[in-house]
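Taking our numbering, I'd label the letters of the sequence shown as residues 388 to 864. We treat Cβ as the ideally placed atom computed from N, Cα and C, and that holds for glycine. Just so it is clear, the structure is predicted and the values come from calculations on it, not from any experiment. Heads up, the thing below is written out as structure tokens.
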Amino acid sequence: MRVRFAPSPTGFLHVGNARTAALNFLFKKKYNATYILRIEDTDMERSTRESEESILNDLKWLGIQWDEGPDCGGKFGPYRQSERFDIYREYTEKLLEGGHAYHCYCTQEELDAQRQKALQANKPFVYPGTCRNLTLEQKKAFENQGRKPTVRFRVKDGITLSIDDQIKGNVVFNSENIGGDFIIVRSDGVPVYNYIVTIDDTLMNVTHVIRGEDHLPNTPKQMLIAMALGLPVPVYAHMPLLLGPDRTKLSKRHGITSVAVYREQGYLPQALFNYLALLSWTLESGDEIVPVEKLVAEFELSKIGKSSAIFDFQKLKWMNSVYLRNLPFDKAFELFYPYIEKAYPAVSNNKWLAQVVDTVRGNCEIASDIVKEISVFFGDTAEFEEDAENMLNTPDAKTVIQTAYELIHSTINEHNYTTETLNTIKQKTGLKGKMLFMPFRAMVTGRLHGPELDKILPLLGYERFTKRIEYCHQRFV
Ligand code: GLU
Numbered sequence: 388m389r390v391r392f393a394p395s396p397t398g399f400l401h402v403g404n405a406r407t408a409a410l411n412f413l414f415k416k417k418y419n420a421t422y423i424l425r426i427e428d429t430d431m432e433r434s435t436r437e438s439e440e441s442i443l444n445d446l447k448w449l450g451i452q453w454d455e456g457p458d459c460g461g462k463f464g465p466y467r468q469s470e471r472f473d474i475y476r477e478y479t480e481k482l483l484e485g486g487h488a489y490h491c492y493c494t495q496e497e498l499d500a501q502r503q504k505a506l507q508a509n510k511p512f513v514y515p516g517t518c519r520n521l522t523l524e525q526k527k528a529f530e531n532q533g534r535k536p537t538v539r540f541r542v543k544d545g546i547t548l549s550i551d552d553q554i555k556g557n558v559v560f561n562s563e564n565i566g567g568d569f570i571i572v573r574s575d576g577v578p579v580y581n582y583i584v585t586i587d588d589t590l591m592n593v594t595h596v597i598r599g600e601d602h603l604p605n606t607p608k609q610m611l612i613a614m615a616l617g618l619p620v621p622v623y624a625h626m627p628l629l630l631g632p633d634r635t636k637l638s639k640r641h642g643i644t645s646v647a648v649y650r651e652q653g654y655l656p657q658a659l660f661n662y663l664a665l666l667s668w669t670l671e672s673g674d675e676i677v678p679v680e681k682l683v684a685e686f687e688l689s690k691i692g693k694s695s696a697i698f699d700f701q702k703l704k705w706m707n708s709v710y711l712r713n714l715p716f717d718k719a720f721e722l723f724y725p726y727i728e729k730a731y732p733a734v735s736n737n738k739w740l741a742q743v744v745d746t747v748r749g750n751c752e753i754a755s756d757i758v759k760e761i762s763v764f765f766g767d768t769a770e771f772e773e774d775a776e777n778m779l780n781t782p783d784a785k786t787v788i789q790t791a792y793e794l795i796h797s798t799i800n801e802h803n804y805t806t807e808t809l810n811t812i813k814q815k816t817g818l819k820g821k822m823l824f825m826p827f828r829a830m831v832t833g834r835l836h837g838p839e840l841d842k843i844l845p846l847l848g849y850e851r852f853t854k855r856i857e858y859c860h861q862r863f864v
């Protein structure tokens with residue numbers, strides 16, 4: 388069996404496409420199929436090599452491996468469509484010779500006018516077949532006017548195209564309803580997607596086309612081309628669309644949609660893969676945190692649901708936090724360190740830092756959260772969150788600050804501050820529980836929540852501890 392993932396290199400890898408790549412990968416692993424990576428780069432204006440490179444990198448990062456592709460070659464290459472134009476030309480000749488295609492000399496302006504008319508009449512535009520049966524003289528006359536023809540595929544009426552879709556079930560199209568004869572080669576000689584995808588899937592011996600539902604309307608056109616050329620039609624499986632939480636097409640408006648940005652923010656590839664791979668089906672056990680081997684073992688196209696999947700950003704974050712917490716400390720530290728180094732260029736990678744990271748890592752959902760979490764330990768004055776600041780303006784908090792201030796100028800010193808300060812304040816003020824801990828925490832960390840004070844204080848160090856108390860005394864009392 389052979390599957391393919393066929394990205395267009397016109398930007399970063401989108402999570403929707405990454406999900407297509409991921410499901411093809413599960414299929415490959417499950418059935419020991421060959422995975423083809425084909426670059427669909429015939430949109431010369433928008434396709435770039437940088438985009439191709441970043442897509443390949445993101446796929447590799449997600450753990451998706453392919454067997455044939457532009458970087459590793461294979462028996463059915465080349466694997467960039469831009470390098471296959473000779474092949475397409477050959478097939479265009481065949482289609483023209485067999486009468487399955489013809490040259491069309493209609494100009495853009497003429498077609499636009501027809502389209503406009505259809506729009507006004509509230510009807511879908513159907514190419515009226517103007518150039519279907521031109522004589523040689525008519526063609527010459529157009530060419531003498533300097534018109535460059537497109538090549539159109541001749542769609543015969545009355546053909547029923549039945550797709551036995553592995554996900555959608557049986558989907559039937561009638562050839563009358565696909566918009567008339569469609570262009571397969573543009574006037575500048577560039578062949579169009581529906582056409583070359585058919586040639587490539589066939590020549591690359593693709594057996595299963597697993598892709599997004601947005602391509603379902605293209606399928607009858609691709610089948611007609613294959614049938615005209617006497618080529619086999621692959622098995623199709625169209626995955627339901629990904630929607631944003633408001634049930635409209637997933638877009639940047641909803642949140643991050645680019646794999647590269649997830650990567651930058653410190654998501655783990657295993658977590659993102661897990662999330663994407665399980666968007667439209669569930670395991671019988673109901674497990675959601677599932678390693679790739681188990682996903683492979685349980686995967687079947689028939690388990691994929693028909694209805695659209697909602698991309699739940701919060702759930703992805705939660706999933707990531709589980710993977711992050713399960714990482715051994717060294718691995719987690721490796722992941723956090725670049726963010727720390729960037730935010731605190733003067734920091735030393737030492738035992739203290741390791742302890743700080745260990746203390747707060749449990750609060751990080753994604754690796755970049757570490758910057759905010761460890762900020763508690765940096766700076767002579769804490770950065771106050773709003774609720775902490777409000778708390779510090781209450782009378783009880785002022786009593787705590789005043790007492791702490793007096794203690795650091797009398798009995799508390801660097802040897803006893805971690806064990807004595809809170810106890811002594813408790814004795815002196817009679818405050819206890821929340822009324823004591825919350826202001827104290829707010830005073831030394833600037834926040835109302837965080838790791839245990841017993842852990843924070845030794846790591847904070849006596850000097851910072853006293854400076855923060857001094858500052859609060861000056862500001863709030
Ligand atoms: N290049 C197409 C895309 O990026 C995919 C083509 C296909 O899967 O048939 O949407």
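Handout entry: Beta bridge counterpart(s) of Gly566 as assigned by DSSP
Key = Looking at the DSSP assignment, Gly566 forms no beta bridge with any residue, so it has no partner.
Exercise for the section: Give me whichever residues DSSP pairs with Ala488 in a beta bridge. Expected result: In the DSSP output, where bridge partners are listed per residue, Ala488 has Phe540.
Exercise for the section: Could you round the C-beta distance between Leu779 and Ala829 to whole angstroms and report it? I think they count as a contact, below 8 Å. Expected result: Contact flag correct, Cβ pair sits at about 5 Å.
Practice task
Please list the segments of the beta strand (DSSP E) lying wholly inside the stretch 732-795, counting only runs of 3 or more residues, in order along the chain.
Solution key: List check, beta strand (DSSP E) in window: nothing returned.
Problem - Leu665 beta carbon less than 8 Å from that of Leu482 - result: Note that the C-beta distance between Leu482 and Leu665 is not below 8 Å.
Problem - Best match in Ile812, Phe716, Gly398 and Glu680 for proximity to Val648 [C-alpha to C-alpha] - result: Nearest option by C-alpha distance: Gly398.
Exercise for the section: Give a yes or no on whether 8 Å exceeds the smallest Cβ distance from Met778 to chain D. Expected result: This model lacks chain D altogether, as it is built from one protein chain only.
Practice task
For His595, name the three-state secondary structure that DSSP assigns.
Solution key: Strand.
Practice task
Measure the Cβ-Cβ separation of Arg539 and Ile571 and say whether it is below 8 Å.
Solution key: With contacts defined by Cβ atoms closer than 8 Å, Arg539 and Ile571 form a contacting pair.
Exercise for the section: Count the other C-beta atoms from every protein chain shown that fall within 10 angstroms of the C-beta of Phe764, then say buried if there are 16 or more, exposed otherwise. Expected result: Sixteen is the threshold: when 16 or more other Cβ atoms of the shown chains lie within 10 Å of the Cβ of Phe764, as they do, the residue is buried.
Exercise for the section: On a CA-only basis, which of Ile565, Ala528, Tyr489 and Lys608 is nearest Ser574? Give me that one, please. Expected result: Among Ile565, Ala528, Tyr489 and Lys608, the Cα nearest to that of Ser574 belongs to Tyr489.
Problem - Backbone CA spacing between Ile554 and Ala769 [nearest angstrom] - result: Their Cα atoms are separated by approximately 55 Å.
Exercise for the section: Using three-state DSSP, classify Tyr514 as helix, strand or coil. Expected result: Assignment of Tyr514 by DSSP, reduced to helix, strand and coil, places it in the coil class.
Practice task
Using DSSP bridges, identify the partner residues of Asp551.
Solution key: Answer is Asn557, bridged to Asp551.
Practice task
Closer than 7 Å by C-beta to Gly545: which residues in its own chain qualify, once you throw out the five before and the five after it? Chain order, please.
Solution key: Closer than 7 Å at the Cβ level, and outside the excluded window around Gly545, lie Ser562.
Handout entry: Residue closest to Asn707, alpha-carbon to alpha-carbon, out of Gly566, Ser755 and Ile550
Key = Measuring from the Cα of Asn707, the nearest candidate turns out to be Ser755.
Problem - Proximity to Glu857 [Cα-Cα], best of Asp767, Tyr804, Ile643 and Ile812 - result: Residue Asp767 is the option with its Cα nearest to Glu857.
Handout entry: Beta bridge counterpart(s) of Val577 as assigned by DSSP
Key = In the DSSP output, where bridge partners are listed per residue, Val577 has none listed.
Problem - For His930, the three-state DSSP class (helix, strand or coil) - result: The structure shown does not extend to residue 930, since the chain is modelled only from 388 to 864, so the question has no answer here.
Exercise for the section: My understanding is that Leu400 touches Ile442, with C-beta atoms under 8 Å, so please give their C-beta distance in whole angstroms. Expected result: Between Leu400 and Ile442 a beta carbon distance of about 5 Å is seen, short of the 8 Å cut, so the two are scored as contacting.
Handout entry: alpha helix (DSSP H) segment containing Ile442, residue limits
Key = Ile442 -> alpha helix (DSSP H) spans Arg436 to Trp448.
Problem - Inter-residue Cα distance where the pair is Glu752 and Val758 - result: Their backbone Cα atoms lie some 12 Å apart in a straight line.
Handout entry: Beta carbon of Gly576 nearer than 8 Å to that of Arg541
Key = Result no, Cβ atoms of Gly576 and Arg541 do not sit closer than 8 Å.
Handout entry: Proximity to Thr479 [Cα-Cα], best of Val402, Val579 and Glu427
Key = When only C-alpha atoms are compared, the closest one is Val579.
Handout entry: Separation of Asn737 from Thr589, as counted between CA atoms
Key = Straight-line Cα distance between these residues: approximately 58 Å.
Exercise for the section: Rounded to whole angstroms, what's the CA-CA distance from Phe771 to Arg391? Just pull it up for me. Expected result: Roughly 52 Å separates the two Cα atoms.
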